[in-house]
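Enquirer: Questions regarding the structure given below will be posed in turn.
Residue numbers (the working numbering): 454 to 622.
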């Protein structure tokens, strides 16, 4: 089966959620699924259940960067995540590879765009790769076979409602 490059971007809620739904569908079909999470560094409700059904979930982050500049540890973690993606390409041990928050990682400069795009050129032809996160770079969008843009129309977060366990986290 031919694998494609999908990008889920935009300022609306649901980019990672959509990718994780694809992970669930893939596992249900017996596919080997790996999620590499950039920036994030804690267990979420959805990743806990995905691990229970055999999805490999790896985190390469020091936590969200709201209100603080990137530190050396953030750059190091992002590079380790990129190396894990490269290993997945070389080993061909994955059918669906989700690079969660890679777009944000690129936007923050934690990973340089050109080496990442070059790495995508090494993707095995049968592997499906999904890139998530706000502000996907234009060159990534040019390479993509499928682009979904999540648009924020209305969100109760704007009214001060915090993320709720089991719904947003």
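Glycine included, each C-beta is placed from N, C-alpha and C at the ideal position.
Source: prediction; values computed, not measured.
In the DSSP assignment, find the unbroken beta strand (DSSP E) run with residue 536 in it and report its ends.
Expert: Not the beta strand (DSSP E): residue 536 falls in the alpha helix (DSSP H), residues 525–544.
Enquirer: Beta strand (DSSP E) containing residue 551: first to last residue?
Expert: Start and end: 549–553.
Enquirer: My parser needs the alpha helix (DSSP H) runs of 4 or more residues fully inside the region 551–588; what are they?
Expert: Complete alpha helix (DSSP H) runs here, min 4: 555–560 and 566–573.
Enquirer: Could you give the DSSP three-state label for residue 487: helix, strand or coil?
Expert: In the structure shown, residue 487 sits in a strand (DSSP, three-state: E or B).
Enquirer: Taking one C-beta from the region 570–582 and one from the region 496–510 each time, how about it: are there three or more such pairs within less than 8 angstroms?
Expert: No, the region 570–582 is not in contact with the region 496–510.
Enquirer: Ordered along the chain, which non-local residues of its own chain (more than five positions away) have a Cβ less than 7 angstroms from that of residue 528?
Expert: Contacts found: 563.
Enquirer: Under 9 angstroms, Cβ to Cβ, is there at least one residue of chain C near residue 604?
Expert: In the structure shown, chain C cannot be found, because there is only a single protein chain.
Enquirer: Excluding the 5 residues flanking residue 498 on each side, which residues of the same chain have their C-beta closer than 7 angstroms to its C-beta?
Expert: Answer for residue 498: 618, 619 and 622, listed in chain order.
Enquirer: Measuring alpha carbon to alpha carbon, tell me which residue in 520, 582, 615 and 485 is nearest residue 600.
Expert: Answer by Cα proximity: 582.
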